[in-house]
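Quick mapping for you: the protein sequence lines, in order, are chains Y and W.
Counting in the UniProt record's numbering, the first sequence runs from 1 upward without gaps.
Counting in the UniProt record's numbering, the second sequence runs from 1 upward without gaps.
Only one structure is covered here, and it is reproduced in the block below.
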Amino acid sequence: MVAPRAAPKTPPILDDTLSFDAQGKYQRRVTYITTPEGVRLPFITATFAERLGAFILDYLIIIAAPVALILLFFILPFEQVDWKRAKGLGDILMILFFMAMFFVRTGYFMAFEMGPRAATPGKRVLKIRVIAHDGGHLTPVMVITRNMLREVEFYLPLTLMGMTMQGGGWVALSAFLWTLVLALLPLFNRDQARLGDFLGGTRVVHMPRQSLGIDLADTEADRRSGIIFTRVQIEAYGEKELGVLEEVLRERRPATLAAVATRIKTRIGWDDPKNAADVPTDEAFLRAFYAALRAHLESRMLLGKRRKDKHDEVR
Amino acid sequence: MSDEDPAKPALQLKSQKFRDAREKDWRTLSRALDRLDQGKLNSFSTDELLNLPVLYRSAVSSLSMARSISLDRNLIGYLQGLCARAYMGIYGPHARFKDILTGYFGRQWPDSVRRIGPEFLLSLACLVIGIVAGWLLCAGDQSWYSALVGEDMAGGRNLSASAADLKKTLEGSTDGLAVFSVFLMSHNTQVSIFAFALGVIAGIPTALLILHNGMLLGAMLWLFARQGLLVDFAGWLSIHGTTELLAIVLAGAAGFHMARRIMFPGKLTRKAALVEAGKLTGSVMLGVAIMLLLAGLLEGFGRQLITDTAARFGVGAVMLVIWTVYFTQVGRRISLKFEEADHGRS
């Protein structure tokens, strides 16, 4: 007989998530890096989508590079060169071409990731970069290892896919499927790391640039405005809603402010004052509610009682 | 909370007091990091430089504090970004040239090659078996030659070529050879990276790749030997071949090492074993790339300038001796010290 196990009503707030990101989206995964001083520093893990986007951008550059070189060859006045006499020039051009090709295929990722920003142009566009998982310096060896593994993670599945399409039979197909698992490894682990990351001891993290805004909870102004909420009204929401409210207040779009204010008023059963002059503006109302909700949630937080969202049990 | 005394200072949340007390330091750190990003390290005064780590540590502690007392997302996001930037500023990828020179070439590279000794022997065995098999197959049945050596790879060195034709391919300063050698260099580097990376798949493809390269070589050796040019061909090959083949064998060994650590991680967890193996094989592979660059230079220039078979053998042998001495002798004592230091720390 199986004893009915009481399902936990409140999922614990995961330690490996942060409750924000630059866009205000709720909860992104975090990679902890223990720095040499012994501090556990949270980094926002780059998502598979971000990494794929960066990869595609980089590949567009890699594909465009030889095309650009060939175009350059036709644009420059090489038709005036007598190739029979200038044999050395032709050789040098060929050597340069081979070297450029070699660089884009093998050296592109390594060269950029060894640079001071530890990111390829594609990664920089998506604000992600490579860091050492052990907390130390990112060494050239780490970068080389993580990029050499690209051969099995990308080129091999590609080749095998080509073979499968050309009628390579079930051997090619099964080999392709197997390597596909290697390529999609970031989807199946907590750190979203690919095989090269594991071997190189590196991780890819998202590093948004965020400026410090004003503190929205202006308790002094709220006291003057005379808006007071009851405990029951405040307990209608949790941390997730507080975050959304903060985002709305920082954006300050009138339409959104009005819509959100109406929804909150309905939910908490708020009655506007009879005197029309005393009715607070939507923004003033929302800021007062934000301050009250934050004060309440933060005081509970100090006691170790956190409320994830409005569906969470009141503690 | 119901007292309405207007003289009383504004009611503040704990998180707001915390922010007021620390914000100045965060802003100072942020400005300093902006200056670092612009590469103005020299504009820092001694006091400012000494203050940087203090500010960094205070920002990190602010972050952990903020995460436990504040629900202001903007604040936590800002602090997280600030700490990450500060950490990058201090532990970013700035490898110093001198450190690479002494640390890598003086210790890390030969040391990591020595550590994959058993795999090196396995990889070497694959190559030798391949050479012997290639030779024997062709000796048994001539049609194997064209099957093993593709038309583009053969470059006129086919079954119908006469001894004179073959001899011609061994001469120096042929037109376009420089281009050919750059092509070969990039091709070889890619093959060795591939051989290494394939080690992830249990090492079997690595073995096959090395065997195939050996068979190619064996078949060519057989072709030249048939026309009585074995010594000349061996000389032509050895001037760069000792370096190039050693590099390819090392790449295979690195692949085998990775395969072994993935399949049999030993006392470590598989993840930890992977990181360790990655570090070791990565150092080997960086060296392999350098060796192949050197082999390309020997092939492109050395082989064109040195046409005497004995001299070619001489250069090849000298290179082999240099590599052997380098990999077996350099950095031994230092590496022992390094390990002790490591143990002391852990």
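Idealized CB from N, CA, C, for every residue including glycine.
Nearest to residue 179/Y by alpha-carbon distance, out of 160/Y, 305/Y, 138/Y and 68/Y, is 160/Y.
The Cβ of residue 217/Y sits closer than 8 Å to at least one Cβ of chain W.
Closer than 8 Å to the CB of residue 297/Y there is at least one CB belonging to chain W. Cβ neighbours of residue 278/W within its own chain (closer than 8 Å, five residues either side excluded): 258. Restricted to the stretch 173 to 219 of chain Y, the alpha helix (DSSP H) segments that are unbroken, complete and at least 4 residues in length are 195 to 200, listed in chain order. C-alpha of residue 250/Y to C-alpha of residue 36/W: approximately 30 Å in a straight line.
Secondary structure note for residue 209/W: its alpha helix (DSSP H) is the uninterrupted segment 204 to 226. The DSSP-derived three-state label of residue 42/Y is strand. By the rule that beta-carbons nearer than 8 Å mark a contact, residue 312/Y does not touch chain W. One alpha carbon belongs to residue 128/Y, the other to residue 34/W, and they sit about 18 Å apart. Close CB contacts of residue 153/Y within its chain, under the 7 Å cut and outside five residues either way in sequence, are with 182, 183, 194, 195 and 196 (chain order). Within the model, the alpha-carbon separation for residue 292/W versus residue 158/Y is close to 26 Å. With distances taken between CA atoms, residue 162/W lies nearest to 228/W out of 194/W, 228/W and 318/W. In the structure shown, residue 32/Y adopts extended strand secondary structure according to DSSP, grouped into three states.
In this structure, DSSP gives residue 131/W a helical state, which the three-state scheme calls helix. The stretch 231 to 240 of chain W and the stretch 100 to 114 of chain W do not touch, with fewer than three beta-carbon pairs separated by less than 8 Å. Just measuring C-alpha positions, the residue of 259/Y, 140/Y and 293/Y sitting nearest residue 228/Y is 293/Y.
When only Cα atoms are considered, residue 147/W and residue 109/Y end up about 36 Å apart. Three or more Cβ pairs closer than 8 Å define a contact, and the stretch 90 to 105 of chain Y meets that threshold against the stretch 66 to 73 of chain Y.
For residue 131/Y, the enclosing beta strand (DSSP E) begins and ends at 128 to 132. Between residue 259/Y and residue 169/Y, the alpha-carbon positions lie close to 59 Å from each other.
Residue nearest to residue 125/Y within the set 299/Y, 104/Y and 57/Y is 57/Y (criterion: CA-CA distance).
When C-alpha distances from residue 187/Y are compared across 35/Y, 48/Y and 33/Y, the shortest belongs to 48/Y. Residue 39/Y reaches chain W at 60, counting residues in chain order whose Cβ is nearer than 7 Å. Close partners of residue 144/Y in chain W (Cβ separation under 7 Å): 282, 285 and 286. Annotation note: the stretch 93 to 130 of chain Y contains the following uninterrupted alpha helix (DSSP H) runs of length 4 or greater, listed N- to C-terminal: 108 to 114 and 121 to 125. Under the Cβ distance rule, residue 235/Y does not count among the residues neighbouring chain W, no pair being separated by less than 8 Å.
Here the stretch 252 to 268 of chain W makes no contact with the stretch 76 to 86 of chain W; the two share fewer than three CB pairs at distances below 8 Å. When CB distances to chain Y are screened at a threshold of 7 Å, not a single residue of the stretch 109 to 122 of chain W falls below it.
Within chain Y, no C-beta atom comes nearer than 8 Å to that of residue 329/W; the closest sits roughly 22 Å away. For residue 322/W, none of the residues of chain Y pass the 8 Å Cβ criterion, the least Cβ distance being about 23 Å.
Identification of chain Y residues near residue 83/W by a Cβ-Cβ cut-off of 7 Å yields 41, ordered along the chain. One thing to note: residue 15/W has its Cβ no nearer than 8 Å to the Cβ of residue 99/W. Residue 134/Y and residue 146/Y have their alpha carbons spaced roughly 15 Å apart. Taking 8 Å as the Cβ-Cβ cut-off, the stretch 200 to 232 of chain W approaches chain Y at 200 and 201, given in chain order. Residue 95/Y belongs to the set of residues whose beta carbon lies under 8 Å from a beta carbon in chain W.
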